[in-house]
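Notes for the one structure printed next.
Number of protein chains: 2
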Amino acid sequence: MESEAPRYPEALLRERVEARLAEAGASAASRSAATRAMLHASLVGVDSHGVRLTGHYCSMLGGGRLNKDPQLRVEQRGAGSAMVHGDDGLGHFAAFKAVEVGMELARVAGVGAVGVKHSSHLGAAGAYAMAGAEAGYVTFATTNTDSVVALFDGAQKFHGTNPLAFAAPVPGQRPWLLDMATSSIPLNRVMLHRSLDKTLPEGVAATPDGKMTTDPHAAEMLLPLGGVDYGYKGAALAGVATLFSALLTGTTLDSDFIPMYGGDDISTPRNMGHFVLVIDPDKFAGRDVFGAAISRYLLSLRRSAVRDGGAVMAPGDREWAEMDHRKAEGIPVDPDTIRFLGL
Amino acid sequence: MESEAPRYPEALLRERVEARLAEAGASAASRSAATRAMLHASLVGVDSHGVRLTGHYCSMLGGGRLNKDPQLRVEQRGAGSAMVHGDDGLGHFAAFKAVEVGMELARVAGVGAVGVKHSSHLGAAGAYAMAGAEAGYVTFATTNTDSVVALFDGAQKFHGTNPLAFAAPVPGQRPWLLDMATSSIPLNRVMLHRSLDKTLPEGVAATPDGKMTTDPHAAEMLLPLGGVDYGYKGAALAGVATLFSALLTGTTLDSDFIPMYGGDDISTPRNMGHFVLVIDPDKFAGRDVFGAAISRYLLSLRRSAVRDGGAVMAPGDREWAEMDHRKAEGIPVDPDTIRFLGL
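Chains as they are written, first to last, in this note's numbering: chain A, 3 to 345; chain B, 3 to 345.
This is how it looks when you write it as structure tokens:
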């Protein structure tokens, strides 16, 4: 998002996003979940997964890919495990439900592992890790997504940007939050550099034959985290997302998804899978011990020596600073979305 | 390990390693676990965690840091969660026990999350992920370790090389296996380049003031995976290892460990923590669905397009090829270890 974009208050955006989803026919529960997830992303600065997706979701509700009135079904499979059937509704609805179920399981079993099937686009995985952490649980959330990242030494799009999101509660502070793609950059960074005719960093994108390129116009796919030398690690981490989200749940492989954008088919559900893991610190060393330990860890991190011109931050610190800024100054919105939301 | 190093048969090394640990006083159960973990590492080519550690462990058994006859205590904390108290013995003993406990929990609860406290050096985290996968479970194992990796923009050693290891069973094949440090390279790579006077790759190591360097003699610490531009991801993943291994278990932070090597104190236990997560595919989409899905995923990965001069491999493929080679040709052993094992 360019910084000169007009800014709008969080409350107004929340109201407009939910209104558009209601007009498109989404049930109250499912549109509320989608709105919550999009606003989380917009507030922490992940604009690619923020309010700009409202129009896309409305099209998919209209086209029939998304079920307007999904009836979630929860099947407990063990004292600490369950599957949530998303009934092909907005993915955020099924995913927040998975966090809820995970927390219920974790309160008794110590841990809740919940697979999601028959879901759709998850949005920002961090929203779900956060939902668990805000309630006091260490939480992991992941999904696989449309193929756009090469394997290490590969020459085709194989994995999605497959995010891994972790969050943990911190007494008296906002959570420790990591929400990372397993590629170095997201695809929309390539688009942005293309529109600005600006060179890409080394080792983040490749031509169709798999050669690393810094030319955004020649870039056809992304490279996994770790770049030219250590990309086998990023590729394997993308595989972890697929393992948990698609293989354990029996849903769709990255390369088998009906395209999110640009395909002709907007009426067939995509059967996406996600995975959520919720851990209750009380069932390990105990909540007090955990709280003291993470506080001490973060203090030592924030007090550690910094290189000239740098700044050391804990995962989430950048996001919370951005959230404070956007709550005060408003959330920047792109022209298409301004029109769609009638701002 | 230089390829010209003399090679010895697996069975001979197994016998000699266990004999030396027995002479140093380690109980039968604890030395058997340590031998298993070291041979795993030596067979898959992770020589830094292989049989060369025998001498170190024997010194620590002699010095009193390691309890020769640890009595493990398992405390179940929920239907899917437990803590294992390692009684300050060899870390491998406590960690394999954690996998066993995790599998027992997962059979009923669907998932078993097990923290380990009062442990010591874990060795290769992949050995534990493998132990679960060989028994049919998706398994995650991690530990935090001695500080040697800078934070992103940091100018001091903060996290350890903190490994994340995942493994998953594959019908009729050896497991999918990822065992990765959250730094780009291990510290012993710096040592090797120093001894060969060979330039390091870009973005993997830093001077004491946190500046990236390719001079192995100037390198004082490692940089996190992701290098100069995206190292915040590797640093956060190292934090995930610390979160699960140390914060949830109430054990020791990376920067608080008594040094593994080179310190004066070899008598005080180090109270290391580890974490193991075991998942039963039967309690999600089901073992058959999972088996078919991971087989199809790996087939599509191995058949995918490769860039000129490259080769696409699944996580673990390189390790299994090395294991086959070493089982046939023997395991290379360094001169100090040849002497220590009386080879």
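Virtual Cβ for every residue (Gly too), placed ideally from N, Cα, C.
Exposed is the label assigned to A/Glu25, since fewer than 16 other Cβ atoms lie within 10 Å of its Cβ. From the beta-carbon of B/Lys213, the residues of chain A found nearer than 9 Å are Arg309 and Asp310. For B/Leu14, the three-state secondary structure derived from DSSP is helix. Within 10 angstroms of the beta-carbon of B/His219 lie fewer than 16 other beta-carbons, which makes it exposed. If you look at A/Arg79, you'll find it in the beta strand (DSSP E) that goes Arg75 to Gly80. If only complete runs of 4 or more residues are kept, the stretch 108 to 164 of chain A shows the alpha helix (DSSP H) at 128 to 136, in order along the chain. Between A/Leu250 and B/Phe286, the gap from beta carbon to beta carbon is short of 8 Å. When DSSP assignments are scanned along the stretch 284 to 320 of chain A, the uninterrupted stretches of alpha helix (DSSP H) that are 4 or more residues long and fall wholly within it turn out to be 289 to 304. The contact set of A/Val291 on chain B, defined by CB atoms closer than 7 Å, consists of Gly252 in chain order.
In this structure, B/Leu180 lies away from B/Ala207, with their beta-carbon atoms at least 8 Å apart.
Exclusion of the five residues before and after B/Ser50 leaves Ala43, Pro188 and Asn190 as the residues of its chain whose Cβ lies within less than 8 Å of its Cβ.
If you ignore the 5 residues before and after B/Gly236, its C-beta comes within less than 6 Å of the C-beta of Thr184, Pro226, Leu227 and Gly228, all in its own chain and listed in chain order. Here B/Leu107 has Gly82 and Gly114 as same chain residues with Cβ atoms under 6 Å from its own Cβ, once five neighbours each way along the sequence are excluded. Per the Cβ contact rule, the stretch 291 to 308 of chain B is in contact with the stretch 152 to 166 of chain A (3 or more Cβ pairs under 8 Å). DSSP lists no bridge partner for A/Ile260. For the stretch 221 to 236 of chain A, residues whose beta-carbon sits nearer than 7 Å to a beta-carbon of chain B comprise Leu227, Gly228, Gly229, Asp231, Tyr232 and Lys235.
In this structure, A/Thr253 sits away from A/Asn164, with a CB-CB distance that is not shorter than 8 Å. 8 Å or more divides the Cβ of B/Pro171 from the Cβ of B/Met132. C-alpha of B/Leu45 to C-alpha of A/Pro72: approximately 51 Å in a straight line. Counting along the chain, B/Pro8 sits inside no alpha helix (DSSP H), nor does DSSP assign it H or E at all.
In this structure, A/Ser32 is the residue among A/Ile333, A/Gly293 and A/Ser32 with its C-alpha nearest to the C-alpha of A/His123. Remark: fewer than three beta-carbon pairs, one from each stretch, lie closer than 8 Å, so the stretch 267 to 285 of chain B and the stretch 325 to 339 of chain A are not flagged as touching.
In chain order, Pro165 and Leu166 place their CB closer than 7 Å to the CB of A/Met182, counting only its own chain and leaving out the 5 sequence neighbours on each side.
A/Lys119 counts as buried, since at least 16 other C-beta atoms from the protein chains shown sit within 10 angstroms of its C-beta.
Looking at the DSSP output, B/Val172 bridges to B/Gln175. For A/Ile281, the uninterrupted beta strand (DSSP E) segment begins and ends at Met274 to Ile281. Using a CB distance below 7 Å, the part of the stretch 69 to 86 of chain A facing chain B consists of Arg79, Gly80, Ala81, Gly82, Ser83 and Met85, ordered along the chain. In terms of Cβ geometry, B/Met325 and B/Asp148 do not form a close pair [threshold 8 Å].
With fewer than 16 neighbouring CB atoms inside 10 Å of its own CB, A/Arg298 falls in the exposed class.
When 7 Å is used as the limit between beta carbons, A/Leu249 is near these residues of chain B: Phe292, Ala295, Ile296 and Tyr299, in chain order.
In the DSSP assignment, A/His87 falls within the beta strand (DSSP E) that extends over Ser83 to His87.
A/Ser185: not part of any alpha helix (DSSP H); DSSP gives it neither H nor E. Excluding the 5 residues flanking it on each side, A/Ser29 has same chain C-beta neighbours closer than 6 Å at Asp71, in chain order.
DSSP, reduced to helix, strand and coil, places B/Pro337 within a helical segment of the structure shown.
Within the stretch 152 to 175 of chain A, the residues whose Cβ lies closer than 7 Å to some Cβ of chain B are Leu153, Asp155, Gly156, Ala157, Gln158, Phe160, Phe168 and Ala170, listed in chain order. Inside the stretch 26 to 58 of chain A, DSSP marks whole alpha helix (DSSP H) runs of 4 or more residues at positions 30 to 46, from first to last along the chain.
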